Every structure is written in C-alpha cells, then in structure tokens.
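Asks:
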Amino acid sequence: MSATSRRTEQSVLEQSGIEQSGIEQSNIAQPGLLHHGGCLRQAAAHYGIPLAQWLDISTGINPNGWPVPAIPSSAWARLPEANDSLEPAACAYYDVKHILPVAGSQAAIQALPRLRPPSRVNVLHPGYAEHAHAWQQAGHTVLPVSIEHLDSTASRADILVLIHPNNPTAVRFSMAQLHHWHTQLISRGGWLVVDEAFIDDTPEHSLTPYSARPGLIVLRSLGKFFGLAGARVGFVCAQPELLARLQTLLGPWSINTPARWIASMALADREWQQRTRQRLISNGERLYTMLTQHGLKPNAGCSLFQWVPTPQAVQLHQRLAATGILTRLFTEPTGLRFGLPNNEANWQRLDTALRQLTISNLGSTNI
Ligand SMILES: Cc1ncc(COP(=O)(O)O)c(C=O)c1O
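Under numbering that gives the first Met the number 0, the final residue of the sequence shown carries the number 366; numbering is consecutive throughout.
Here's what the structure looks like:
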C-alpha cells in the first residue's frame with residue numbers, strides 16, 4: 000500500500016469512526032474506549048442515512064434472539080438475589096458445578112487481570128481486542144501471538160488468552176490442543192483463559208465441563224447465540240476459589256433482577272436452543288454461499304458471522320455503508336466481518352448490494 004493510500008484509508012477511518020483491530024484501536028466517539036461493531040448511530044450520522052433504514056450486520060449477534068416475555072413488576076422492585084434460578088439454569092446449560100454470573104463476559108474480561116500479579120500474558124491476535132486492552136491496563140506484559148506461534152508460546156507464557164472460535168477470524172482449536180496448552184500452563188502455575196462467546200452452536204467443543212480444573216477459566220456470553228446483548232449477562236466457569244475472588248472484586252448486585260429473570264428462562268428453554276442452533280447453522284451456510292457467489296469467499300466463519308480478509312475492505316465497507324448496510328471493518332489484518340441479516344427482505348437486500356459490488360468490479364477481492 001502506498002503512503003498516500005494509507006493516509007487516505009486512515010482519514011476514512013477517522014472520519015467514520017471505524018475501528019482497527021489492534022490493541023491500540025480506539026473509539027473516536029468515546030476516547031479511551033475501544034471501538035466495536037454495532038455503532039449504528041455513528042454510521043447513521045456519518046453517512047446521513049436515518050437509523051431505521053440501516054441493515055446492521057456489523058456484529059455477530061443473533062438478530063432473532065430469545066423472545067423476551069413481559070417482565071414481572073416484582074423483578075424491577077426487588078434487589079437481585081444470588082439464590083434465584085439463574086445459577087442452577089446456568090450450571091445445567093454449561094454442564095458445570097460452579098459458575099459466576101457477571102454483567103456480560105466483558106465484566107470478567109476487565110476484572111480477571113486484577114486477580115494476578117504482573118504476568119506475561121499472550122493474547123491471540125487478531126482477536127477481540129478487549130482482552131489485550133484489559134491485561135495491559137492492569138499492568139501486565141501483553142504479547143500478541145498469532146495462530147502460527149501459539150504452540151511455542153504456550154510453553155513460555157504465564158497466561159494464554161484464546162477466543163474460541165476466534166472473533167473475527169473464526170479459527171477453531173481441537174480439544175486435544177486446548178488440553179495440551181492447559182497442561183503446559185498449569186505446570187508453571189499459569190492460566191488458560193478461553194473466551195467462548197461464539198461457541199453455543201457447537202457446545203461439544205466447549206471446555207466448560209473441564210473448568211473446575213486449576214488454571215482453566217472459561218468465559219461465556221448470553222449476548223451472541225441468545226441475542227440478548229443488551230441484557231448484559233455472561234458467565235465465568237472456573238475453580239470455586241477463583242470465582243469467589245472474582246465475585247468479591249465485582250461486588251454485589253452486578254446483574255440486575257430483570258436480566259437474571261430473563262437469563263434463567265432463556266438458559267432453560269432447550270426447545271428454542273435446539274431450533275435456533277439448526278437455524279443459525281443453516282443461515283451461516285447461506286451467508287457463506289452468498290458471499291462466495293459474489294466473489295467474497297470467506298476465509299472462515301461460524302454460524303453467526305463470516306470473515307472475509309481482503310485488501311479492498313475499506314472500499315467495500317464504504318460502498319455497502321452508502322447503501323445503508325453496516326459491516327464490521329478491520330484494518331489489521333484487512334478484512335470485513337459479515338453478521339446475519341434478520342429477515343428474508345434483508346437477505347435479498349444484502350444479495351442485491353453485493354451483486355452491485357460485483358458489477359462494479361469490487362467483488363473477487365480475496366487475499
Ligand atoms: C469474543 C467476544 N467476547 C466477549 C464479548 C463481550 O460480550 P458480552 O460482554 O456481551 O458477554 C464480545 C463482544 O463482542 C466478543 O466478541
């Protein structure tokens with residue numbers, strides 16, 4: 000890339016508040032915070048398209064989440080109580096004996112680094128940038144590690160942080176590989192932290208059933224598969240002693256009573272979960288096929304998003320945004336993440352917009 004085109008790209012990013020995927024990526028609207036998908040108001044203002052006209056596929060959130068019923072008025076009036084039905088429902092769903100509900104897995108991502116003395120922390124890169132940011136903020140030595148170097152790294156690090164499947168690259172690891180890394184880390188009193196925010200469509204790949212083992216910390220989220228990102232509910236699965244320390248740090252009432260009530264019901268709704276798992280897997284395949292047909296073959300994906308690395312990501316992102324379709328732009332590595340449209344009309348809308356890109360020769364851009 001020439002210096003001029005790099006400057007142009009940078010100024011496009013700055014004007015639109017679009018994120019970069021590195022540790023240093025920042026949120027232009029809220030300095031000090033990282034930038035993520037789902038910033039629809041910012042896009043609406045930048046492109047001059049009213050909020051209601053956007054198709055937001057910039058996140059990996061299930062666009063047809065668990066249908067929340069009317070919340071009992073008592074839920075608003077009462078303080079959250081730990082011995083309601085949330086923990087039992089979560090223990091059954093995640094197949095664990097011990098669990099700590101938190102206000103979104105983000106709360107645990109920010110708090111966990113405060114439970115360790117200064118450590119050498121290897122974080123998968125590219126990946127959900129909040130991990131590296133939180134460990135760095137807490138004074139640890141953070142070393143980004145690429146997928147190719149994970150194996151050699153696990154034998155040296157104090158802590159290894161993985162996202163499984165990874166966001167945005169959707170890379171997956173074998174169970175044997177994860178257990179091997181965990182064994183290496185605990186032999187030195189280290190931790191393996193695995194963020195499983197996107198694993199609900201393949202629960203058989205989850206490490207939660209092993210999370211009572213020392214040095215294994217598994218994070219789960221109700222925001223993605225259940226589509227309840229706004230409720231701010233996540234879970235930490237780990238040894239009870241570590242959960243107790245984390246709970247002390249986070250303090251009482253971290254999840255509000257209505258959110259606890261909703262989460263308990265969603266976690267217990269096996270029929271909805273099974274139907275949704277099948278539907279999301281088939282929607283993920285449909286998205287993969289559609290992008291491939293338009294010359295944007297994903298490198299990898301999971302049911303909730305597809306990852307398209309391409310040097311033309313900025314142009315593609317802008318062209319789609321100009322039609323009111325918001326994707327998630329990454330610049331390091333350069334690529335676009337596509338989430339799922341919420342209904343048939345919007346699938347058609349995406350198909351039409353992608354066809355226009357192909358006609359104008361912006362398709363066939365894979366690296
Ligand atoms: C990989 C990953 N982990 C964790 C989170 C945080 O999710 P939440 O705090 O809603 O549980 C996100 C949010 O986008 C994410 O992408």
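Note that CB positions come from ideal geometry on N, CA and C, so glycine has one too. Only a predicted model underlies this, so the values are computations on that prediction, with no experimental measurement involved.
Where Lys223 and Trp53 are concerned, what is the direct C-alpha to C-alpha distance, given to the nearest angstrom?
Replies: Roughly 20 Å separates the two Cα atoms.
Asks: Can you give the Cα-Cα distance for Leu206 and Pro213, rounded to whole angstroms?
Replies: Taking the straight line joining both Cα atoms gives about 13 Å.
Asks: Indicate, with yes or no, if ligand 1 has a heavy atom lying under 7 Å from the CB of Ala169.
Replies: Not so, every heavy atom of ligand 1 lies at least 7 Å from the Cβ.
Asks: Do you know how far the Cα of Ala107 is from the Cα of Leu245?
Replies: Those two C-alpha atoms are separated by around 8 Å.
Asks: Enumerated in chain order, which unbroken segments of the alpha helix (DSSP H) with a length of 4 residues or greater are wholly contained in the region 115-158?
Replies: The qualifying runs are 129-136, 149-153.
Asks: What do you reckon, is the C-beta of Ala222 under 7 Å from a heavy atom of ligand 1?
Replies: It is Gly, not Ala, that sits at residue 222 in the sequence shown. Yes.
Asks: Just list the residues that DSSP pairs Ser220 with in beta bridges.
Replies: Bridge partners of Ser220: Gly233.
Asks: Could you tell me the alpha carbon to alpha carbon distance between Thr291 and Pro297, rounded to whole angstroms?
Replies: Those two C-alpha atoms are separated by around 7 Å.
Asks: With 16 other CB atoms within 10 Å as the buried threshold, where does Gly338 fall?
Replies: Buried, by the Cβ-count rule.
Asks: Is the CB-CB distance between Leu227 and Gly64 below 8 Å?
Replies: Cβ atoms of Leu227 and Gly64: closer than 8 Å.
Asks: Taking the alpha-carbon positions, what's the Leu97 to Ala321 distance?
Replies: Position check: residue 97 holds His in this sequence, whereas Leu was assumed. Straight-line Cα distance between these residues: approximately 48 Å.
Asks: Use the C-beta contact count for Pro332: other C-beta atoms within 10 angstroms, 16 or more gives buried, fewer gives exposed.
Replies: It counts as buried.
Asks: According to DSSP, simplified to helix, strand and coil, what is Gln317?
Replies: Residue state, collapsed to three classes: helix.
Asks: Note down the Cα distance separating Val141 from Asp94, rounded to an integer number of angstroms.
Replies: Taking the straight line from one Cα to the other gives about 31 Å.
Asks: Ala352: which of Thr330, His316, Arg336, Pro164 sits nearest, CA to CA?
Replies: The shortest C-alpha separation from Ala352 is found at His316.
Asks: Relative to ligand 1, is the shortest distance from any of its heavy atoms to the C-beta of Gly226 smaller than 7 Å?
Replies: The answer is no for Gly226.
Asks: At a cut-off of 7 Å, is Ser104 close to ligand 1 when judged by its beta-carbon and the heavy atoms of the ligand?
Replies: Checking every heavy atom of ligand 1 against the Cβ of Ser104, one is found closer than 7 Å.
Asks: Name the two residues that bound the continuous alpha helix (DSSP H) containing Pro87.
Replies: Residues 85-93.
Asks: Just list the residues that DSSP pairs Cys301 with in beta bridges.
Replies: In the DSSP output, where bridge partners are listed per residue, Cys301 has Phe304.
Asks: Quick check on DSSP: helix, strand or coil for Leu78?
Replies: Of the three classes helix, strand and coil, the one that applies to Leu78 here is coil, per DSSP.
Asks: How big is the Cα-Cα spacing for Pro143 and Val122?
Replies: Computed Cα separation, rounded: 5 Å.
Asks: Spatial neighbours of Val193 within its chain, please: C-beta separation below 6 Å, excluding the five flanking residues on both sides.
Replies: Answer for Val193: Leu161, His163, Leu206, Val217, listed in chain order.
Asks: Between the Cα of Glu195 and the Cα atoms of Trp75, Leu184, Gly126, which residue gives the shortest distance?
Replies: Taking only the C-alpha atoms, the option nearest Glu195 is Gly126.
Asks: Quick check: what's the CA-CA separation for Pro87 versus Val313?
Replies: Each residue's alpha carbon lies about 46 Å from the other.
Asks: Grouping DSSP H, G and I as helix and E and B as strand, with all else coil, what is Gly334?
Replies: Of the three classes helix, strand and coil, the one that applies to Gly334 here is strand, per DSSP.
Asks: Which class does Pro62 belong to by DSSP, given the choice of helix, strand or coil?
Replies: Pro62 falls in the coil class under three-state DSSP.
Asks: Should Pro162 be listed as close to ligand 1, given that the test is whether its C-beta is under 7 Å from any heavy atom?
Replies: Before going further, note that residue 162 is Ile rather than Pro in the sequence given. Ile162: yes, Cβ under 7 Å from ligand 1.
Asks: Which of helix, strand or coil does DSSP assign to Ile56?
Replies: DSSP places Ile56 in coil when its eight states are reduced to three.
Asks: Kindly identify the DSSP beta-bridge partner or partners of Pro100.
Replies: According to DSSP, Pro100 bridges with Phe234.
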